[in-house]
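Visitor: I'd like to ask you about the structure that follows.
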Amino acid sequence: EQNEAKPAESLPPLPDSVQSAMRQVWGSAWQDAQTQLEAEREALAAIRKELEKERAEMMSEIERLDAQLESTREQLQSTVAAVESEQKNHAQTKSELLKAKAVINEQEKRIDSEKQHAQELRKVAKLAGDKNLKMEKEVTSLRIEAAALTERTAHIDDLKEQVGMLQNKLAELAKPRTVSKKT
């Protein structure tokens, strides 16, 4: 209890050899700590450098993806404009096709009428020998006109086929496109 009660001031000074040994221990510990700190600093610097590199790569990738997104938006707008144009063309072609069908129906009625008329003319031609040659020329003319109408009908069928192809293309253009994302 008496030793504990003594103040620290009453302790004798440290001998020089102890102080020298303590300085060596302290110096060695300080150098080891400095070496360890330097290694940690270098490791942190390497980590910072790697993080900066990764950050630069990420920013570059973000810029590339932004450019790709903008390009895709422009392509989409272009595709939408093309689809709208195709829709207008399709509507116009459909209108023309309906008109052509009406003309075909009218021409078919006319052909039927002309066929009946030709039959009547043949009967009259039999009765009137003098008019026979004239009537045959008229029938030939009607056949040529019927052939022309048949050719028009074939043209209308071609138009129908083209409309079908345009509808298929329009359907393909209307399908959504998948965009792959790169990470």
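Going left to right, the sequence shown walks through residues 12 to 194 as this note's numbering numbers them. The C-beta atom is built at its ideal place from N, Cα and C for all residues, glycine as well. Small disclaimer: the values here were computed from a predicted structure and weren't measured.
For LEU132, count the other beta carbons within 10 Å of its own beta carbon; 16 or more makes it buried, fewer makes it exposed. Which is it?
Guide: Buried, by the Cβ-count rule.
Visitor: Using the beta-carbon count (16 or more within 10 Å), is GLU125 buried or exposed?
Guide: It is buried - the Cβ of GLU125 has at least 16 other Cβ atoms within 10 Å.
Visitor: With DSSP as the reference, label LYS110 as helix, strand or coil.
Guide: Here LYS110 sits in helix by DSSP.
Visitor: Please work out which residues of its chain come closer than 6 Å, Cβ to Cβ, to ALA111, disregarding the five sequence neighbours upstream and downstream, and give them in chain order.
Guide: Closer than 6 Å at Cβ, skipping near neighbours: ILE167.
Visitor: Is ALA32 buried or exposed, if buried means 16 or more other CB atoms sit within 10 Å of its CB?
Guide: Exposed, because fewer than 16 other Cβ atoms sit within 10 Å of the Cβ of ALA32.
Visitor: Which class does ARG188 belong to by DSSP, given the choice of helix, strand or coil?
Guide: In this structure, ARG188 counts as coil in the three-state DSSP scheme.
Visitor: Indicate whether the contact test is met: 3 or more Cβ pairs, each with one atom in the region 152 to 170 and one in the region 96 to 113, closer than 8 Å.
Guide: Segments in contact, yes.
Visitor: Go through its chain and collect everything with a Cβ distance to ALA157's Cβ below 6 Å, but skip five positions before and after it.
Guide: ILE122.
Visitor: Inspect the CB distances between the region 97 to 106 and the region 175 to 189 and report whether three or more fall short of 8 Å.
Guide: The region 97 to 106 is in contact with the region 175 to 189.
Visitor: Consult DSSP for ALA139 and reduce its assignment to one of helix, strand or coil.
Guide: Coil at ALA139, not helix or strand.
Visitor: According to the Cβ coordinates, are THR83 and LEU184 closer than 8 Å?
Guide: Taking 8 Å as the Cβ cut-off, THR83 and LEU184 do not qualify as a contacting pair.
Visitor: Which same chain residues end up closer than 8 Å to LEU170 when comparing Cβ atoms and leaving out the 5 residues on each side of it in sequence?
Guide: Contacts found: THR104, GLU107, LEU108, ALA111.
Visitor: If you count every other CB in all the chains shown that lies within 10 Å of the CB of ALA129, and 16 or more means buried, which is it?
Guide: Buried.
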